[in-house]
Amino acid sequence: MKKIILVSGFLGVGKTTLIQKLLAELIPEHYVMIIENDFGDINIDRDLLGGYELVVKEINAGCICCSLVGDFEKAIVEIERDYAPDAIIIEPSGVADTSHIVNVSMALDYGYTLNSINLIDGNNHFLYLENFHEFYKNQILSANTIIINRTFELSTDEIQTAVDSIGEINSFGKILTDKDDGTLDVRALLDDDNLYNRVFDLDMDIENIFENYSSLSLVLPNSYEEEIFLKKINSVIEDGNIKRIKGIINLDKVVRVDYTRDFDREPKLEDFPSYAGVGKLVIIGDNFDEMRARDIFRR
């Protein structure tokens, strides 16, 4: 059975990490392609999926919403025409209107079944529900499968409260909890036929509450001392409107940079030895001072 697997969720919730796990299960048995949609001119996530021989279609410069849904449909048509893969994994940006993607995926008659997976940050579910209203609910409603992650700081009662809240929004989806301990059955997400092709009713007119979000893409060919780099990054974060930073940077070794404002107290640096390219960084924010951020890295 040919599959489309859509992995949605807010900025920094762990979509790329889940896709890495899905790829480990799919390859080498299946021919897999990926559609990546991200902010800016630089696609960091493509590099983070290194280690696999993949064809990746990129739709950059925003989110798959009204303005880019045509590009998304075109990407699927081209993939089917040129490659006819066994599975297509779609990773939209964290502020994508997921219902548009689901509707297009269901309408295309290429014999694919759809499993739409939505990742939920367990720590921030109620904060996002309050702040982002219908847009946040849209992502939950557009899912066959909802996975609550980042639960390691939550009590059993707090997790159940989140499960109940999500169930009130989407009573048809399967709700799973990822305890961040490696026990999530990723294979079941691929093999459980009951998770595919649920009947969606997504004729929703969602206000784009992220219209003031923008991104700054930086190519950083120089190597940095770790202390100096962190000083620059923290200076950017002091802007106050930075939501997400991700990248791959050359220090005395190659590291992956990861920061999500609602989750991280400070930027995380993780070894990433498989990357051999130039350093690059994407900064995403809400009305943030792009010129100031650019100048910080020019000094």
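With the sequence shown counted from 1, adding 723 to any position gets you the working numbering.
Note that beta-carbon positions come from the ideal geometry of N, C-alpha and C, so glycine has one too.
In this text the structure is predicted, and so the values were computed from the model without any measurement.
Query - Sequence-distant residues of its chain with Cβ nearer than 6 Å to Ile-956 (five each side left out) - result: Pro-990
Query raised in the report: Considering only residues of the segment 724-757, which uninterrupted beta strand (DSSP E) runs meet the minimum length of 3 residues and lie entirely inside it, listed in chain order?
Result: DSSP runs (the beta strand (DSSP E)) wholly in the segment 724-757: 725-732.
Query raised in the report: Which residues mark the beginning and the end of the alpha helix (DSSP H) in which Gly-890 is found?
Result: 879-892 is the extent of the alpha helix (DSSP H) around Gly-890.
Query raised in the report: If you pair each beta-carbon of the segment 847-860 with each one of the segment 829-838, do three or more pairs fall below 8 Å?
Result: no
Requested in this report: Ignore the nearest five residues each way along the sequence and tell me which others in Val-922's own chain have a CB closer than 6 Å to its CB.
Outcome: Low per-residue confidence applies at Val-922: pLDDT is 49, beneath 50, and the placement is therefore not dependable enough to give any value.
Requested in this report: Please report the residue range of the alpha helix (DSSP H) in which Thr-821 lies.
Outcome: Thr-821: member of the alpha helix (DSSP H) spanning 821-830, first to last residue.
Query - Rounded distance between the beta-carbons of Phe-986 and Asp-844, thought under 8 Å - result: So it is a contact: roughly 7 Å between Cβ atoms.
**Report entry** Identity of the residues DSSP links to Ser-946 by a beta bridge
**Finding:** Beta-bridge pairing links Ser-946 to no other residue.
Query raised in the report: Excluding sequence positions up to five away, which residues of its chain have a Cβ less than 8 Å from the Cβ of Asp-975?
Result: Ser-946, Glu-948 and Glu-949
Requested in this report: On the DSSP bridge assignment, give the partners of Gly-963 in chain order.
Outcome: Within the DSSP bridge table, the entry for Gly-963 names no partner.
Query raised in the report: Are there three or more Cβ pairs, one per stretch, closer than 8 Å when the segment 794-811 is compared with the segment 849-869?
Result: no
Query raised in the report: Does DSSP put Asp-981 in a helix, in a strand, or in coil?
Result: strand
Report task. Could you give the DSSP three-state label for Glu-989: helix, strand or coil? Result -> coil
Report task. To the nearest angstrom, report how far apart Arg-1015 and Lys-725 are at their CA atoms. Result -> 47 Å
Requested in this report: Figure out for me which residue from Ile-882, Ile-812, Glu-961 and Ser-940 has the closest Cα to the Cα of Thr-740.
Outcome: Ile-812
Query raised in the report: When the distance is taken between beta carbons, is Ala-866 closer than 8 Å to Ser-894?
Result: no
Requested in this report: Under 6 Å Cβ to Cβ from Ile-714, same chain only, skipping five residues before and after it: list those, please.
Outcome: With the chain covering only 724 through 1022, there is no way to say anything about residue 714.
Query raised in the report: Any idea which residues DSSP pairs Glu-814 with across the strands?
Result: Partner(s): Glu-759.
**Report entry** Through-space distance from Ile-889 to Asp-1018, alpha-carbon basis
**Finding:** If I take the Cα positions, the gap works out to 42 Å.
Query - Contact test: Asn-846 Cβ vs the ligand ADP heavy atom, cutoff 7 Å - result: The ligand content of the structure shown is nil, which means the ligand ADP is not present either.
Requested in this report: Using the Cα positions of Arg-979 and Asp-994, report the straight-line distance between them to the nearest angstrom.
Outcome: 6 Å
**Report entry** Sub-8 Å separation of Phe-1011 and Ile-972 beta-carbons
**Finding:** no
Requested in this report: Please confirm whether Lys-902 and Thr-868 have their CB atoms less than 8 Å apart.
Outcome: no
Query raised in the report: If we call anything under 8 Å between Cβ atoms a contact, is Gly-817 one with Val-886?
Result: no
Query raised in the report: So who's on the other strand from Ser-839, going by DSSP bridges?
Result: Leu-729
Query raised in the report: Nearest to Ile-871 by alpha carbon, out of Gln-862, Ile-882 and Ser-878?
Result: Ile-882
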